[in-house]
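Data block below; observations after.
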Amino acid sequence: MASSKTELDYRVTDNVGYGLGSETAAAFRLNGIFHFWKEHLGFNIHPTIRESLQTSNPRIADVATGTAIWLIDLAKELPDATLDGLDLTLDMAPPVEWLPPNITLRQWNIFEDLPEELVGQFDLVHLRLLLPVIQNGDPSSIIQKITRMLKPGGWIQWDDLNIREAKIFKARPELKVEALEYLSRFWNTGERQEWIGRLPQSFEQEGLKRTSIDRYENLKQYLKADCEGYIVTCEETARTLARKGKVDEAKEFSQIVHQASLEAAAGAAVVATRVVCIGQKPVEL
Numbered sequence: 054m055a056s057s058k059t060e061l062d063y064r065v066t067d068n069v070g071y072g073l074g075s076e077t078a079a080a081f082r083l084n085g086i087f088h089f090w091k092e093h094l095g096f097n098i099h100p101t102i103r104e105s106l107q108t109s110n111p112r113i114a115d116v117a118t119g120t121a122i123w124l125i126d127l128a129k130e131l132p133d134a135t136l137d138g139l140d141l142t143l144d145m146a147p148p149v150e151w152l153p154p155n156i157t158l159r160q161w162n163i164f165e166d167l168p169e170e171l172v173g174q175f176d177l178v179h180l181r182l183l184l185p186v187i188q189n190g191d192p193s194s195i196i197q198k199i200t201r202m203l204k205p206g207g208w209i210q211w212d213d214l215n216i217r218e219a220k221i222f223k224a225r226p227e228l229k230v231e232a233l234e235y236l237s238r239f240w241n242t243g244e245r246q247e248w249i250g251r252l253p254q255s256f257e258q259e260g261l262k263r264t265s266i267d268r269y270e271n272l273k274q275y276l277k278a279d280c281e282g283y284i285v286t287c288e289e290t291a292r293t294l295a296r297k298g299k300v301d302e303a304k305e306f307s308q309i310v311h312q313a314s315l316e317a318a319a320g321a322a323v324v325a326t327r328v329v330c331i332g333q334k335p336v337e338l
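Quick note on the working numbering: the sequence shown kicks off at 54 and runs consecutively.
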């Protein structure tokens with residue numbers, strides 16, 4: 054396996070913007086990953102939130118909606134709900150003509166000011182897999198904006214991967230996992246990803262109550278598929294580095310990812326723990 058004197062880590066993607074792709078392959082990856090999430094969680098809306106919703110037609114936002122797959126699936130459960138998908142670009146989402154009638158999509162960059170028409174409008178705001186876009190390990194500015202989107206009594210549900218708890222699995226003990234271990238370290242840079250485990254405290258700092266974080270262990274039958282999704286994500290990262298002019302880093306990282314794909318094909322996997330963090334905006338702040 055190719056290596057450098059200084060091992061690459063996720064900081065190499067600093068200042069390149071969104072580190073993943075937005076092309077057809079990326080959309081396919083996101084749609085596939087959604088189904089793995091639902092198999093592990095068993096729900097779209099956390100049971101605590103679902104039980105507390107006071108109306109049969111809640112207004113729900115999905116921030117960083119991507120392909121809008123979470124909303125599309127949720128529309129089957131809540132056909133009377135008003136569902137809003139928001140993202141920097143809607144290129145990966147279906148045409149509006151193909152969406153369920155209760156879904157509306159709009160562009161919004163989560164790092165820009167919250168539009169006034171979105172303040173205090175939602176019973177639930179959902180986020181998933183913002184790990185690649187959190188800057189300097191600090192999600193506070195995002196949490197502040199999401200909290201402002203909520204009605205009194207509204208909820209945040211944030212689903213993400215706890216990279217700090219990434220594990221290596223081997224179908225047989227003799228399998229080599231050097232490259233997969235490298236990829237695990239790549240995303241787990243110092244204290245940068247510790248914010249995920251601290252989400253309940255971050256929610257509470259913004260005045261949210263009834264906070265909790267649940268961890269969902271990896272299902273053995275999906276270890277290979279989960280790892281393949283992880284490797285495809287790394288391939289997208291390598292292509293982004295190349296597009297942004299970091300050609301040498303992209304070449305080295307691509308070689309590592311290729312070796313990891315061979316290790317995965319032989320029966321090894323690297324996967325991270327899924328977590329779901331929730332918090333409720335008090336009726337009166």
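Note that CB positions come from ideal geometry on N, CA and C, so glycine has one too.
Within this structure, are the beta carbons of residue i and residue j separated by less than 8 angstroms?
i                 : j              : result
glutamate 337     : proline 153    : no
isoleucine 331    : threonine 264  : yes
leucine 214       : alanine 325    : yes
alanine 318       : leucine 228    : no
leucine 252       : tryptophan 208 : no
methionine 145    : alanine 79     : yes
leucine 177       : valine 329     : no
phenylalanine 239 : alanine 322    : no
threonine 200     : leucine 106    : no
isoleucine 195    : isoleucine 163 : yes
tryptophan 90     : histidine 179  : no
leucine 83        : glycine 138    : no
threonine 272     : glutamate 92   : The question names threonine, but residue 272 in the sequence shown is leucine. The answer is yes: Cβ separation under 8 angstroms.
alanine 117       : leucine 158    : no
leucine 141       : lysine 334     : no
alanine 232       : glutamine 312  : yes
leucine 167       : lysine 198     : yes
glutamine 160     : leucine 143    : yes
alanine 237       : isoleucine 284 : Alanine is not the amino acid found at residue 237; the sequence shown has serine there. No.
glycine 282       : isoleucine 125 : no
glutamate 247     : glycine 190    : yes
tyrosine 235      : isoleucine 187 : no
tyrosine 269      : arginine 327   : yes
serine 109        : serine 193     : no
valine 230        : glutamate 316  : yes
leucine 127       : asparagine 97  : yes
With respect to the alpha helix (DSSP H) encompassing residue i, which residues constitute its N-terminal and C-terminal limits?
i                 : result
alanine 80        : 77–94
isoleucine 195    : 193–202
phenylalanine 239 : 231–240
phenylalanine 256 : 252–258
leucine 182       : Neither: leucine 182 is in no alpha helix (DSSP H) and is coded neither H nor E.
aspartate 126     : 122–130
glutamate 170     : Per DSSP, glutamate 170 belongs to no alpha helix (DSSP H) and is neither H nor E.
threonine 101     : 100–105
Have a look at the DSSP bridge pairing and note the partners of residue i.
i             : result
cysteine 330  : Trp211, Ile266
aspartate 137 : Ala114, Thr157
alanine 321   : Lys223
leucine 177   : Ile113, Trp208
Those runs of the alpha helix (DSSP H) which lie wholly inside the region 278–309 and span at least 4 residues: none
contact_flag[the region 215–224, the region 286–301] where n(CB pairs < 8 angstroms) is 3 or more: no
The region 145–162 / the region 183–203 touching (three or more Cβ pairs under 8 angstroms): no
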